[in-house]
Structures are given as C-alpha cells and as structure tokens.
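Protein chains in written order, with our numbering: chain A, 211 to 555; chain B, 211 to 555; chain C, 211 to 555; chain D, 211 to 555. We treat Cβ as the ideally placed atom computed from N, Cα and C, and that holds for glycine. Given the structure is predicted, the values throughout are model-derived calculations rather than measurements.
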C-alpha cells in the first residue's frame, strides 16, 4: 500500500491584462502558503506566475477562482504512479500464468456474454485450438436498455471456471457493482472494468483493494489523461497489476459504433508503464472490422487484443453483430502470427 | 411496481442487395417466431422488412448478425414509460413541498460541496434570501484525480439537514455508490445521480427501489436517447419521481468545460413527460457564464436551474471557478423574475 | 488598410525531464534570435521557458520540433485586431442603415433559398410586417449532394434587390466562390460566409478587400479561436465590418442537426469586440426548435438572430424542415419584444 | 462526362402516432407525383411509408416538412458513381506512371511545404533512396492564422517539377483556390484537396473538369458519407481518377492533433471502389506517431500513406512537429517492406 502523495506538480498561472497588482500578490501569497516555490514572469501585457510544489496541495486549490486569474495550465500530468516518470520500465502483468506486456501480443477471445454451457464450451474449445491465451465471457452485462439481457451472474462465473479447468484458459470477466467484486474476484483471473464504469470511483477503489489483476477499459468519452487518472485510483489503493484497454471513443461518425483511437496506444505507451490492449470488436461494432483492426492493433504496437468469438452470432443474446466465427478467428490468428514475426515480436 | 414490458416496437430491417433469397426468409421466420407482424417491401435492388411486435423480445435479438442484413432501424424509441406516448400529461415532482415541473421555474442553489457549517449556512442564508426554493450541497464528490477532496460524507448530510430546518430549504445531494443510497435517502429530499454515473446501472436500479425523488443528470457523453433510457431504469423499478438535468456534453470546444446543449431542453420535452432542468454552473465551468446561461435556460423553457453559489469561491475545495457570489446570485434572481413574468411563467 | 502585425505574443515552452542541458540553450538562443525576451524557470524535474515577443515571428517557428521540447503553450490568442484587448469598445456594423450590435436585437428573416419571385415576396412581406429588420435569401447554396438544388444565382440576387426596394428590407446573401464576390457584393447589403467556408482562406481574403459588411458563420467543426482567427483574415485585409454568427457545432448527438453552442455567445463577447448573432434554424434543423432557441439567444445576450421563414415549407427546395411559417414568426416576434423589454434591451 | 443521374433511392418515412389520416395521403400523393413506387406498413401506433424512386427527385423534396412526418430514413447512400454497387471492381489510379490501388502500398513522402530548393532536393533525394514512389511538397498552404507562412506559390511548383525530373518522382501538391487549378494542374501529377476544402464545392467541381488525378482528403469534421459525396462531386463532372485520404477527425481528445479514424479504411473499402490512403503525419501531429500509424495503415489494408519528411524539422516553416527525419523514414520503409511481405502485398 503506497502513501497517497501525488509528487510534484508545476502550475503556470496566467493573469488577465487588467488584473490589479494586488491580485498577483494574493495568488503568490497563497501559493507560498501551500509550500510552492514561485517564479514571476512580468510580461508586456500580463504577468505569468510559475509554481512548483506538492501536487495534491496545489491541485486542490481553485486557482481559477482567484480575482485577476485568466487561465491555469498544469505542467505535469494529474497522475503519478502509473506514469513513466515514476517507473521507466514497462509493467508486465501475470494473469493466471499468462503474461500481458513485455513484448508479447496476447490474444483474449470468447463470447461477449456467457449464455449457456454449450455456447461457452464451443467457443472456448475453438479459441484455444486457434491459439488464444485467455478466455473472455461475461456474467454481468451493462445494457443501455433495462429490457435487454443482463447476464447469468454467478452461474456464468462457475461455467467459466469449469472452462478454464477443461481448456487451460484463464479468464477475464467484467464487474459492474462494488458489491460483486468479491464474487467476481473469487472466480476470475483478470477483472474487467467496462467503459461505462471507468469513472465509477467507488468501484475503482474496491478493485484497488483486492489482489486480482484488473483490466481498465477506456471510457468512450474519456481523454487519455482521465483514463490514466482512473488507473491511478486503482494503483494508489495498492493494486499495481493493471492492464489498459482502448475500445473506441464517441465521435460524430455513425458508420462505426465508436471510433477506435488507434493512436492512443503509442500515446499511452509514452506516458505510462502499464500494458495497453485493444478491443477491435466493441469499438467498430461490426464483424467485418475485427480482422483489419486486430492487425492494425498489432502493427501499432499494442500488447494484445480482446476479441468476441461466438459459435453462432445470430443467436447471441448480446452484441451479436460484432462477434466473429471460430473459423474466421483461426484464419485471423494465422495472419497475426505472420505479422508478429515480421515485426520481430 | 410496474411490470417490465417495453410495449410495442417496430423495426425496419434493410437487406443487402446481394442477400440470398433464403436470407430474407430466415429473418422473416425468426421475426414471426417472436410474435412480430411482418411486412415485406421488395425494392429494385434490395428488400426492406418491416416488423411490429413486443419491444423487449424484438430488441433482444441480434438482427444485424443475421446473414444478408445490412442495417436495422428501430422506429420507436428504446424507452417507454418515460415517453410522452405512454403519458401525454407532464409529470410534476414534489420535493419536500417544492414542485418541479408544471410551469414553475425552480431555482436550486448552494455550494458544490459542503465544506463546513459556516460555509454551508452562509450560502443557504443567502440563497434563501434571494429567492431559491431548494438547497444544493454535496457530501460525496466524484473526482477525476484520486488526490482531490472527496467530500465530508455523513457529516455533510447532517449539516444539510440542519440547514433545511433552519432556512426552510429542502435539499438535493449526490450519491455515488449503491451502498450509500440508504444513507443519502435518509437525509436528502432529492437524490442526484451525477453525469459520471448516468450509466451506472446498479446505482440506477437501487434508486428506483427507494421512495425519494431522483434527479438524473445527463452524462456528458450521453445521447438524449441514452439519457431517457437511463431514466427508464429508475422508472421501471417503481420510482416515478424523476427530474432530468442537462449539464453540457463533451465536444471539441475547449473554451468551456462542456458545451451546454440548450436544444436538449425542448427536444426532451417533446419526447418525455419528465421535467428537465439545466445546470449552468458545471456546463460552462466559468463564473461569468452562469447568469447568461441561466437566463437562456429560462427562455428556452427549462423547468429550473441548479446553481453553484459559494460565499468565498477562491477558498472552495471543489469547483470554485464556476461558483457565483451571493450578491451576483441575488442580482440574477431579479432578472429571472423579470424574464419569467415576460414569458408568462 | 492596417499593416499585418500580430502584436505581442507570449509562449511557455515546457521541456522534457530528460532534455539535455544544451536543448534548453538551443531553444533560448533561437527565441532571442527572433527578438523575444526570455525567462527561465528551472523546476525540480523540468525547465519551463517563458518568452515574450512579436507574435508573427514567434508563431512561425516550430518550437515543438526542437529536441527536448515537450509542450508549447501560447499565452495570448492567435488573433489580434478582432480581440477586445486591441479594441475594448464594441463594434456596431451598419447594414444598409440597420445597425447590428450596440444593444439592439436585430432579426434577419426570410427563406433559406430564393426559389421564385412569389415565394420571396410572400416571405418578405410577412417578415417585414412582423418586425424583421433585414431579409435573408440565398442565390448560391452549398449542398452536400451534387444532385440537390444549387440556387438560382444572379436571378435570385436581382429578385432580392427588388424585394429590398419594395419592402424596405436590406438583405444578406451567401457567397461560395471567390469569383462571385464581385457579383454578390454588387447587390447584397451584407455578405454571408457559410459554415462550410469558414476556413476557405482565399474567399475570406477576397471579402476583406471589398467594402460591404460580412457575416461570418462559425464552421460546425471550428473552435471559437479558429472562428476569431478566420475573422482576423478579413479584418487584416482592411474590412472591419464583420458580424459573427453561431450556428451549432458537430457533436455525437443526433436528435438535432447540430448542437447550438449557446455559451459561445458570451465567450465570444468576452474575447472580441465584434457583434455575434445566432442562427436558431440551421443549428437545430427542426421547426419546433426555432422559437425556443431564438428566445434563448436573446436571453443569453446575442446581438440578433437569422431565421428561416418560408410561406410553404413543404414545397421548399432547400431546408424545408426547419423553416417556420409567417404566422409562427409573427407570434415569436411578440415574445421577442416582451423578453427584450424585460431585459432592458 | 456522365449524366447527372443519382440512380434509385429508397426512403422510409415514419409518421407520427397522432398524424391525421390525410397527412399520410398527402405524403403518398406527393411521392407518386415524383414517380416513386409506394408501400404502406400500417403499424399499431404509426404508419410507415416506404418509397422507391429516382434519387435526385426523391432527395430534393423536404419530406420532414410535411405535416405528420416524424422521421425520414434514406435506405441507400447519397452517392452513386463512387459506390461499389455502381462499380464492384476496385479503381486503380495512375499518377505519372505510379499506380495507387490494386494491392500495392504506395508511399508518398516529402516536406509539408516547399521552402527552398535545398530543402526540397535534400528531402526528395532521401525519400527516393529509401523507396518512396511519389513526392509531396506544397506551394500553397491553408493556415489558421493569417500571419503564418502561406507558401511560395508558382516558384514552388517549378522546383517540384525540377525535382520530379531529377529524382524520377512524380509529385502531389495542394490547391486552395479555384482560380489556381489551372496553374497547379499544369505542373503537378496528382492534385490534393485538403481537409479544410473537402466541402468547397466550387473547387471540387473545378477539379472534376480537368484531367489530372485528384486526392481528396477527408474533412476533419466530415462523416464518411459526406466524404464520399464530395468525391461524387468530382466524379460526376467527368474526372474518375480519385484517391481518398483519411487524415484524422476532430474529437475531444487533445493528446493528438486529430484522431486518426483507422476504421474508416475498411469501411470506405466496403462502400466505395476508390483507393484510400492514410496521412499518419497530419492526423497525429507528432513525430513519434508517424511510424506506428504507418504500420497500422498498412496492416488495416490502406492503399498507401502520405508522410511528411523534412531534412531539418526544427527549421521547418510549416508543421515541423510532425515531420520525420530522412533516417527515420528509411528505417520505417524497411519495416513497411517486412510487414507488407507478411501480409502478401
């Protein structure tokens, strides 16, 4: 358990041209009051105040509410422990013996939701045979409509555990409710926080206080900074085994369900030491996009992918349109191996 | 407690030009299998299938995953009970004796977060004197950074209850965690679900199962349909006292924290019978925008506003930049009264 | 004709924590080479360089391409002449004797496109009777589909000139092509640059070199800074009679054609001395939104509105869905007058 | 020169539940009046009208303005000639002997703007040696600020022509103004329409009426449908040699200049027969993203890339932050060749 100190922060506070001289003094005095070191740059038309100090104290004060302040620019990122400045070497997360990060391209595959033993086992057998390392399958589903299928709950978790044993595939499952963390953590090897819950802070904190690794999907409306700050919530509670997963952001384009932000992969790798995967199924929301987006994720340098595979998508209770068939998945895995080799991975 | 039936839904399924004849038959057969009435429109280049049936059964099937299907267009909205087709007359919500909806323009004001008795009481006294009907003040705050102030918790709720008694102002407070619903509902007159939790389905369901009225803020990334579907989650659990609140959406513009979607007010009023308010403080994130946006909300037809008022914004622990001073608030209320009179409200 | 000098600019250049000492020196030397005054703030983990100098010279250099530079923050806006720091008093634009700006709420109304003499004259007569000050009606239309009606061209301009004479209404018309500027300027009282052409720099420059006032609509994807920079293009060529017009931005919401950014009105008024109007017709794209959005524009402080009025919208060749009928317009004008009086306008 | 007929269109018109019976009749009568075949689907609560007819006639009528109409859904795309239904086989465009499309991965590289003979020739020599097939370099630059460098004009075109001769590299250059089309077409092998001009319809039409191939960049705010409709403008004027280029869209994310919409590549390839390239330099706006995004573009199936290479980015007059050095480019080309081989290209 680490102590909750955010490390140093540096702020640039731009004053208005018409700020009273006392306004600058008031800001400087308050900055010094929280222990910051202050530099003044008097410009031709406005003063710029620079400050370096303890991040958690500096960020708690509402500098923009001070009279005469025009704009506040934080120089450093709002997260610390998940940043590369804190830990330059890359994190590798062990999920039931399978490693995510460290150069490998880890493929997680399986049905979006567990619907029955037959459906799950058919999918698990197929993805194992084609070369997946981990199984996906959810017990609890967040659905926009209250009338849609919400998942089988604990029964699904037991089926997943049985599939793990039978096919040798550790599994990832989503948790939606802080009251279910113990239940899901009792079965799953990797616990997923879905896009809709990326800013569910009580849930993040609960996952930070249990020992299983966590996959944190990017909210479809979250900036990269907000995503890394959400990871910081988990990290600072003591759980350092975090895998990030890009799954598309909301934009004006309607041809795809969301717009996969492929650039986020190298951007995150420059800012953070955590591994980052891609979900090519939920971002596009179309079966025909899964293969090209998987290859793009590999080529751009992602640490792996999370793919919906369903033995009979037209009978799926959740997200059928984007699931690929076992045969397509096997063919895709062949191409993944060829491109990975060409890239030296 | 109403039964979970979504009512009728009507789907239009557009087939690809190269769909096999058997593909159309398979879709039609499956539609009839779930009890839908089917109409075929054979076009020059592609067949269009229309279907009318029970919404919950129709929406659970993954029509886009059927071979030969190009696109699926739902004709009716994904919500029912919160829609105006279900209930044409407008809902009026009673919050501790104060009515929201039904022509009034209800002003809720107070500090963003409760920080101390002095701060809360100074704000409450001022907003009461200026004409506010309800008090705001939060006990739990969702903060992007784990290092920021997270609220005083139960102590804040007790101070709010004391302020209600002293100033005659029922209050609204936010809840973040389904495990805190009982606590917050034990004190507050109106329970708020913040923008970040609009799609926190376990929390929505919990609030649907308790008797206090609920204010549902729009997620800053949510479409109006998703917002109304979230309200449906609460309604279908049995709680029909729901107030909607528009608070800005995320766009590319960076001059304001979010972009207030003022058009959402009349759009929601056409689709739903629920009252809809506006938050002019958190949408813009700037003190200077609060007054013009409040007047715009009144003029556009909103049922009220939710305003941050702080006796000393530069000492605020949360969201100081957007809080207005008691004197500004009093001046704004004078203008609100004049414009409301001109509009016949 | 003013000289093209952008005035002072101030940059903050944040260096990477691992920047070589020589990297800071190289940046400082180059800054001094373009005449800037430089301040260094050596932080705990990285150096921050502040610079003040001539904006046009400072902005032309690619500071982010220098080794060791992490981020560049311009302190001042990229425009000068249209900013309130350059001219604190508000600009009032005279359009054929009608004033835009200076406290009035100017209503421009008429059909989206001129389709025939009967249609134009019926609309002009109605909007004049209801109290509009200026007439709208386009001769050239930018259409997404090349198969849609593109406007009547010069014939429409002649009909508009005839309507001006008959009803005493100066008019605004759009120009799309730099080769048509002379033609449109020969007839219209106010020349409009549409949202799609806000960044058509040759067209902006051409309009800056002719004497008629210009209305510059915001691009539906443009930030407020980009919009004001586009106005600067016109201003710096010598034409200072510029009216801005907010007309909605592109977001993920699909219930409205675009999302009217009502907050942009007070934001622009704080940044610029130019008058700013609102287009409630094209932003929402729905007839039922025109009246509430017009009242919101008035309440938020806009200098006027631009409204589509059509005598028979279901026969319109362009944008019928959003045109209001003459009777609705007359009723709206009554409410506008009442609210304007309540606001002291 | 093809005739301007858009082919068949099919509309679905959803009536309001409270539409008068006469309202449906009015819509049907008008549809039949423009020659459409009509199908009625009377639902439980509302009537749905289906129509098939001539697209240009159907789309010109404002169906949403008819009384009782709730929503209009066009079934077919708004473009015809650039669609795969019109031409199933893929277009290959010949640019001065270099083919774009048809399985090859074409690399265009060079400086963003031509600044001097030395700069251009150094870049051209380097990109030729590393394996680029075409040279880029602009004579006219659209700049957000009127104070920024606007390009060398005709002089640059002459230098590019000289470089073509010396290094055997045909070149692409941008045109901004319809009055410059003849000049640019007189020198360049491929004429580029930049993102800001994607909806500059007079410019599109001008390029459709000259014989040189055209590269059409996607507007950073344009949907894929609008982009293809813009290509239709060029095609219908008679020029069928069109190359599309994805270059990122505007979103809320600020870590990158724009968000590269990598999914657009397979989506466009499913909708259109035109080749589609990617610009990894301008989308991200960062040098470190160029190589990963180029490999992602190759893996996702793009027909090529357009890369900024500059011999000394820190001296660049335009877009220095994203240009890569000749050495990085050479290394990237090695990886491109390895991955292309693994993909069988």
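Quick check on the burial criterion: 16 or more other C-beta atoms within 10 angstroms. Buried or exposed for residue i?
{"i": "residue 464 (chain C)", "result": "exposed"}
{"i": "residue 365 (chain A)", "result": "exposed"}
{"i": "residue 249 (chain D)", "result": "buried"}
{"i": "residue 456 (chain A)", "result": "buried"}
{"i": "residue 536 (chain B)", "result": "buried"}
{"i": "residue 419 (chain B)", "result": "exposed"}
{"i": "residue 353 (chain A)", "result": "buried"}
{"i": "residue 299 (chain A)", "result": "exposed"}
{"i": "residue 296 (chain A)", "result": "exposed"}
{"i": "residue 325 (chain A)", "result": "buried"}
{"i": "residue 551 (chain D)", "result": "exposed"}
If residue i and residue j are in contact, beta carbons under 8 angstroms, what's the gap, nearest whole angstrom?
{"i": "residue 373 (chain C)", "j": "residue 393 (chain C)", "result": "Actually they do not touch by this definition, with Cβ atoms about 18 angstroms apart."}
{"i": "residue 466 (chain A)", "j": "residue 462 (chain C)", "result": "Incorrect: roughly 12 angstroms between the Cβ atoms, too far for contact."}
{"i": "residue 277 (chain D)", "j": "residue 314 (chain D)", "result": "55 angstroms between Cβ atoms; not a contact."}
{"i": "residue 350 (chain B)", "j": "residue 390 (chain B)", "result": "7 angstroms"}
{"i": "residue 427 (chain A)", "j": "residue 405 (chain A)", "result": "5 angstroms"}
{"i": "residue 246 (chain B)", "j": "residue 263 (chain B)", "result": "3 angstroms"}
{"i": "residue 528 (chain B)", "j": "residue 323 (chain B)", "result": "4 angstroms"}
{"i": "residue 408 (chain C)", "j": "residue 432 (chain C)", "result": "6 angstroms"}
{"i": "residue 492 (chain C)", "j": "residue 458 (chain C)", "result": "7 angstroms"}
{"i": "residue 367 (chain A)", "j": "residue 284 (chain A)", "result": "About 42 angstroms; that fails the 8 angstroms criterion."}
Just checking residue i against the ligand FAD - is the residue's beta carbon closer than 7 angstroms to any of the ligand's heavy atoms?
{"i": "residue 371 (chain D)", "result": "For the structure depicted, the ligand FAD is absent and the ligand set is empty, with no information on it obtainable."}
Under 8 angstroms, do residue i and residue j count as touching if we go by C-beta distance?
{"i": "residue 274 (chain A)", "j": "residue 485 (chain B)", "result": "no"}
{"i": "residue 385 (chain C)", "j": "residue 400 (chain C)", "result": "no"}
{"i": "residue 347 (chain B)", "j": "residue 320 (chain B)", "result": "yes"}
{"i": "residue 338 (chain B)", "j": "residue 307 (chain B)", "result": "no"}
{"i": "residue 500 (chain D)", "j": "residue 517 (chain D)", "result": "yes"}
{"i": "residue 470 (chain D)", "j": "residue 503 (chain D)", "result": "yes"}
{"i": "residue 380 (chain D)", "j": "residue 305 (chain D)", "result": "yes"}
Residue i touches chain C at which residues, Cβ-Cβ below 7 angstroms?
{"i": "residue 476 (chain B)", "result": "498, 499 and 502"}
{"i": "residue 471 (chain B)", "result": "463 and 469"}
{"i": "residue 359 (chain D)", "result": "270"}
{"i": "residue 494 (chain B)", "result": "473"}
Going along chain A, which residues have a C-beta under 9 angstroms from residue i?
{"i": "residue 222 (chain C)", "result": "222, 224, 251, 258, 260, 283 and 285"}
Find the residues of chain D that neighbour residue i, judging by a C-beta separation of less than 9 angstroms, and give them in chain order.
{"i": "residue 527 (chain C)", "result": "270, 271 and 272"}
{"i": "residue 530 (chain C)", "result": "271, 272, 273, 274, 275 and 276"}
List the residues of chain C that residue i touches, going by C-beta distances under 8 angstroms, in chain order.
{"i": "residue 295 (chain A)", "result": "227 and 255"}
Show which residues of chain C have a CB atom less than 9 angstroms away from the CB atom of residue i.
{"i": "residue 459 (chain B)", "result": "461, 462, 463 and 469"}
{"i": "residue 362 (chain B)", "result": "Per Cβ cutoff of 9 angstroms: no residues; residue 362 (chain B) is ~31 angstroms from chain C at best."}
For a contact defined as C-beta to C-beta under 7 angstroms, what are the partners of residue i on chain D?
{"i": "residue 387 (chain C)", "result": "388 and 412"}
{"i": "residue 406 (chain C)", "result": "409"}
Kindly list, in the order they appear in chain A, the residues whose Cβ is closer than 7 angstroms to that of residue i.
{"i": "residue 302 (chain D)", "result": "The contacting residues do not exist; residue 302 (chain D) stays about 20 angstroms from chain A at best."}
Residues of chain B with a CB under 9 angstroms from the CB of residue i: which are they?
{"i": "residue 446 (chain A)", "result": "356 and 357"}
Can you pull the chain B residues whose beta carbon is under 7 angstroms from the beta carbon of residue i, in chain order?
{"i": "residue 266 (chain A)", "result": "357"}
Taking one C-beta from the stretch 503-519 of chain D and one from the stretch 507-514 of chain A each time, how about it: are there three or more such pairs within less than 8 angstroms?
yes
Three or more C-beta pairs closer than 8 angstroms, one from the stretch 465-480 of chain D and one from the stretch 489-498 of chain D: is that the case here?
yes
Does the pairing of the stretch 401-415 of chain C with the stretch 440-460 of chain C give three or more beta-carbon distances under 8 angstroms?
Here the stretch 401-415 of chain C lies against the stretch 440-460 of chain C, with 3 or more beta-carbon pairs under 8 angstroms apart.
Counting pairs of beta carbons, one from the stretch 547-555 of chain A and one from the stretch 306-325 of chain A, are three or more of them closer than 8 angstroms?
yes
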